[in-house]
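Number of protein chains: 2
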Amino acid sequence: MSEIDIRELVENKKLRDKITTAEEAARLIKPDTTLGCSGFTPSGYPKVVPTALAKRAEVEGPIPVSIWTGASTGPEMDGELARTHCTKRRYPYQTNDDLRKGINSGEIQFADIHLSHNAQNLRYGFYGKVDVAIIEALRITEDGGIVPTSSVGNSNAFVELADKVIVEVNTVQPEGLYGIHDIYTPENPPNRKPIPISNVHDRIGLPYLTCDPKKIVAIVPSDVKDSQRPLAPEDEISSKMASNLIDFLSVEVKNGRLPKELLPLQSGVGNIANAVLAGLSEWPTDGLTVYTEVIQDAVFELLESGKISFASSTALTPSPDGAAKYYPHINDFKDRIVLRPQEISNNPEVVRRLGIIAMNTAVEVDIYGHINSTMAGGTRMLNGIGGSGDFARNAYLTAFLCPSTSGGGKISKVVPFCSHIDHTEHDVDIIVTEYGIADLRGLSPRERSEEIIKKCAHPDYQELLRDYKRRAELGKGHEPHLLYEAFSWHERLRVIGTMKK
Amino acid sequence: MSEIDIRELVENKKLRDKITTAEEAARLIKPDTTLGCSGFTPSGYPKVVPTALAKRAEVEGPIPVSIWTGASTGPEMDGELARTHCTKRRYPYQTNDDLRKGINSGEIQFADIHLSHNAQNLRYGFYGKVDVAIIEALRITEDGGIVPTSSVGNSNAFVELADKVIVEVNTVQPEGLYGIHDIYTPENPPNRKPIPISNVHDRIGLPYLTCDPKKIVAIVPSDVKDSQRPLAPEDEISSKMASNLIDFLSVEVKNGRLPKELLPLQSGVGNIANAVLAGLSEWPTDGLTVYTEVIQDAVFELLESGKISFASSTALTPSPDGAAKYYPHINDFKDRIVLRPQEISNNPEVVRRLGIIAMNTAVEVDIYGHINSTMAGGTRMLNGIGGSGDFARNAYLTAFLCPSTSGGGKISKVVPFCSHIDHTEHDVDIIVTEYGIADLRGLSPRERSEEIIKKCAHPDYQELLRDYKRRAELGKGHEPHLLYEAFSWHERLRVIGTMKK
């Protein structure tokens, strides 16, 4: 039990009888049930109940469960439950080593689903029943409303759909988060109405998840912090990509294709994404806005400096340093940040209406502009597609970023044919590496390959790519390929350890 | 000149001075300009001006132009201008033999762009300037409003963006079409508002294209009909696919995942698409609806019988027989059909809100559920992606249909790895062949390959596919592949003329 009296945080007095231990709550989870858990990135996910479930599994053997969350979560859930062989199925995204191992061995069935689609498809009944929701909360209101913590994710859908709800009341999450959330659930067709967001700051819902108090079967105190990940120090290559992209945006403004305060920015998770946003500290105009799925350190910083005036997201994902710096006075950000369900933060309807500038990282790109976001060597899952598909298809401008090489230069990130395709040529406007920017808008495939090789490929690989292009074009075709050697680069890497010839 | 006095159809009297011949109008088209032309499928496209331009080119040599339309058009435009080497660039879709030849030889630069994106990206300035719009019209109103004919396509954007507008007033298109169109153009971000469509029948705009009369530089009479294509007689395989899909929809209704009058239907162009809709004549409930990009014969038929209560589209694409049957009393359909700009008919915002059931045909599918919609052997353009990406990503239910084989059984439509990917595994709910339906919702890649091979592949290819799957899975991975033989099926076809071993 934490020092704060957990009973005070359960405003509905009748529900106070449900306060129990993590071990008791974990007993409510039967084998072969489906869990719907809060959490998006290692933020706002349940910690003590999954830990208790894993401990029980260590003694009693695996308790097989299917697990839905918002996106990835932390090690208490994705690590422990995979390690103890409880995770039978896992949707819709992950970043955990143990979980990834289980997925790639075929033990864990994983499906990589656009993040904005999860909740609606669950409501439509496409993925079966959600039995138990486990939600991390700041508090429970008088009428059973559950106040989320550092993320919203799919929690509104899980609470609505589950038979039973377990709440972890977390006493170390910043209290000041109460009021930052905006929970809105669209109706199912044929009764759905327009989502009434026309500006990033529009609030359209309630500050908590509505829940029939009768469904709440256990309330468990938790004092475990989000397992935030440190950001790597910014490296030269990320800075160069960021500055290439920012130069490009400046030209777009100069040519009247973007307003000077740009359009709402979306940026993926991780170091490159953070570097791009950090680079905007030099942008000449204040009042930038963000409509995205995660808020990392750079956004807090630019909100503080006034460069960014408002940020909409579904999760706060600061580094430990960022959390230490910004969480103590999170209250000051509440008029400039809103956290929405991922069905709304990532909704293509809103993405297209607002005219998002979508910036996501690629695992590899090919000479015609197809993007691999998920898989190494066409087969081994890295993390997943996450929300990139929600944003890329309907953004105003869609950028994919990656360094030109990896593996000490042995892997070219520009290849003849992507070994896995998550985003097609039809969805990509620009590709950014540390060498430059390929602007693919309106180009035919042959023109695209010229542009990508010239502007984005590492000099060590340019001639090899040109050679492929030249020989492929001898055979004619709209998008010339030599299918029998399209994956030869990946094969060289597999067999001799480098894509170089 | 036609027998109707063309002057009567130009209500704005000042504009009557602009009435001229196709030859004179074609003289206004300078080399190296960009044309924005009406037309979507062989419906509502300009005919006499392109013909005159091609004739001039035959004498004077090619007049190189870039051509934007709604989608494909007819032979007077796509055929003649490609044949006379006038077409330098062509967007965003085509179905013409001569044009295809030019695209695949590399002479014509073609880019395959989601149909709902064309107009907005042109307005954003991403593809350069539209110099001259050529629009087929029923009439011109007092204030310069241009009334489209059998399609809307991107005409509203072309008229808005072009410096000069040439109007072909077509006197053989059914007059009764006046009033069927609903023209609405969204504002550009950051000022865009929700598209106010919550039902297929909602009308939100004007029945004509608004145009500053000063921009109209020529008005040309035309009495050339749309070059409609006959529908092939329904074959056994199409009927089987249609009945498989309809059985599936019945089960969805029984399980409460669809209402008994279904949700609005979208169906691609062609024989298979028409067969699926025709199959719904046996559906037990009246009041079905359609939200799609083309209305073919089957929809007219079901509107007439009352099975379908309303259809929204951007084009009417009847066969010659269908046109002969339905066009003379098209007036009777005007309260049950609306034609919208393709930016609206195909808009993902509306597609997702209404909960469309999207049914499109595939060129090939792979064992993990990726879809090739455009390219033969990974290189040779067939038609293009058209609107399938607009619908597939955000539909309620996304189906792709194809026969299990083609080429007399020598080509399996289910392959280890699609030779070109237009729709990723993340966007596909079900795959339909004449053998059955693979329901991929919520399945992991390994489960998907099992389901697709079992339910959809031709028996002649099942063991070969299983063999690939088995050997690939030995190497582990989330989506097991043997990259060095992933395209070996396409290679066998190329070298020995069959995918069979």
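In order, the protein sequence lines correspond to chains A and B. Heads up: the first sequence begins at 1 in the working numbering, then just goes up one per residue. Heads up: the second sequence begins at 502 in the working numbering, then just goes up one per residue. A virtual CB, placed ideally from N, CA and C, is assigned to each residue, including glycine.
Spatial neighbours of residue i within its chain, please: CB distance less than 6 Å, with the 5 preceding and 5 following residues excluded, ordered by chain position.
{"i": "B:Leu707", "result": "Ile684"}
{"i": "A:Val253", "result": "Lys260"}
{"i": "B:Arg993", "result": "Met1000"}
{"i": "A:Arg336", "result": "Leu303 and Phe310"}
{"i": "A:Ala242", "result": "Ala275, Val276 and Gly279"}
{"i": "B:Val701", "result": "Pro765, Thr790, Tyr792, Phe811 and Ser813"}
What do you get for residue i, buried or exposed, if any count of 16 or more other CB atoms within 10 angstroms of its CB means buried?
{"i": "A:Ala324", "result": "exposed"}
{"i": "B:Pro945", "result": "Residue identity check: residue 945 of chain B is Ser in the sequence provided, not Pro. Label assigned to B:Ser945: buried."}
{"i": "B:Ser806", "result": "exposed"}
{"i": "B:Glu669", "result": "buried"}
{"i": "A:Asn121", "result": "buried"}
{"i": "B:Ile705", "result": "exposed"}
{"i": "B:Asp867", "result": "buried"}
{"i": "A:Pro284", "result": "exposed"}
{"i": "B:Gly943", "result": "buried"}
{"i": "A:Ile507", "result": "Residue 507 of chain A lies beyond the residue range present for chain A, which begins at 1 and ends at 501; the question has no answer from this structure."}
{"i": "A:Glu24", "result": "exposed"}
{"i": "B:Arg591", "result": "buried"}
{"i": "A:Val132", "result": "buried"}
{"i": "A:Leu177", "result": "buried"}
{"i": "A:Gly497", "result": "exposed"}
{"i": "A:His478", "result": "buried"}
{"i": "B:Leu975", "result": "exposed"}
{"i": "A:Pro31", "result": "exposed"}
{"i": "A:Glu364", "result": "buried"}
Give me, in chain order, the residues of the same chain whose beta-carbon lies closer than 7 Å to that of residue i; leave out the 5 immediate sequence neighbours on both sides.
{"i": "B:Ser544", "result": "Ser651, Ser652, Asp727, Ala816, Leu817 and Thr818"}
{"i": "B:Glu581", "result": "Pro551, Thr552 and Ala555"}
{"i": "B:Thr585", "result": "Ala555, Ala558, Glu559 and Pro563"}
{"i": "A:His420", "result": "Asn372, Thr374, Met375 and Gly378"}
{"i": "B:Ile681", "result": "Lys835, Ile838, Val839 and Leu840"}
{"i": "B:Ile614", "result": "Tyr592 and Pro593"}
{"i": "A:Thr424", "result": "His370"}
{"i": "B:Asp928", "result": "Ala893, Arg894 and Thr899"}
{"i": "B:Glu986", "result": "none"}
Among the residues of its own chain, which have a CB less than 8 Å from the CB of residue i, if the five just before and after it don't count?
{"i": "A:Pro230", "result": "Ser319, Pro320 and Asp321"}
{"i": "B:Ile738", "result": "Pro904 and Glu935"}
{"i": "B:Pro842", "result": "Ala620, Val653, Gly654, Asn655, Ser656, Asn657, Ala658, Ile684, Tyr685, Thr686 and Thr815"}
{"i": "B:Leu516", "result": "Ile641, Gly645, Pro714, Ile717 and Ile720"}
Identify the continuous alpha helix (DSSP H) that holds residue i and give its terminal residues.
{"i": "A:Leu245", "result": "Glu236 to Lys254"}
{"i": "A:Val350", "result": "Pro348 to Leu354"}
{"i": "B:Val996", "result": "Ser989 to Ile997"}
{"i": "B:Pro845", "result": "Here the sequence assigns Ile to residue 845 of chain B, which means Pro is not the residue at that position. Element bounds for B:Ile845: Gln843 to Ser846."}
Secondary structure at residue i, three-state DSSP: helix, strand or coil?
{"i": "B:Lys970", "result": "helix"}
{"i": "B:Asp727", "result": "coil"}
{"i": "B:Ile609", "result": "coil"}
{"i": "B:Phe811", "result": "strand"}
{"i": "A:Asn154", "result": "coil"}
{"i": "A:Lys325", "result": "helix"}
{"i": "B:Lys665", "result": "strand"}
{"i": "A:Leu483", "result": "helix"}
{"i": "A:Asp97", "result": "helix"}
{"i": "B:His979", "result": "coil"}
Between which two residues does the beta strand (DSSP E) holding residue i run?
{"i": "B:Lys514", "result": "Here B:Lys514 belongs to no beta strand (DSSP E), and DSSP marks it neither H nor E."}
{"i": "B:Ile938", "result": "Gly937 to Asp940"}
{"i": "A:Glu503", "result": "A question about residue 503 of chain A goes unanswered here, because the residues of chain A that appear run from 1 up to 501."}
{"i": "B:Thr931", "result": "The residue asked about is misnamed: residue 931 of chain B is Ile in this sequence, not Thr. It spans Ile931 to Thr934 - the beta strand (DSSP E) in which B:Ile931 sits, taken as one unbroken run."}
{"i": "B:Leu840", "result": "Ile838 to Leu840"}
What are the complete alpha helix (DSSP H) segments, minimum 4 residues, inside the segment 60–93 of chain A? 80–83
Those runs of the alpha helix (DSSP H) which lie wholly inside the segment 875–911 of chain B and span at least 4 residues: List check, alpha helix (DSSP H) in window: 889–893.
Minimum length 4: unbroken alpha helix (DSSP H) runs contained in the segment 522–554 of chain B: Runs of the alpha helix (DSSP H) inside the segment 522–554 of chain B: 523–528.
Would you list, in sequence order, the uninterrupted beta strand (DSSP E) runs of no fewer than 3 residues that lie entirely inside the segment 261–306 of chain A? 265–267 and 288–291
What beta strand (DSSP E) runs, 3 residues minimum, are completely inside the segment 608–653 of chain B? Annotation: the segment 608–653 of chain B contains the following complete segments of the beta strand (DSSP E) (minimum length 3 residues), in chain order: 633–641 and 647–649.
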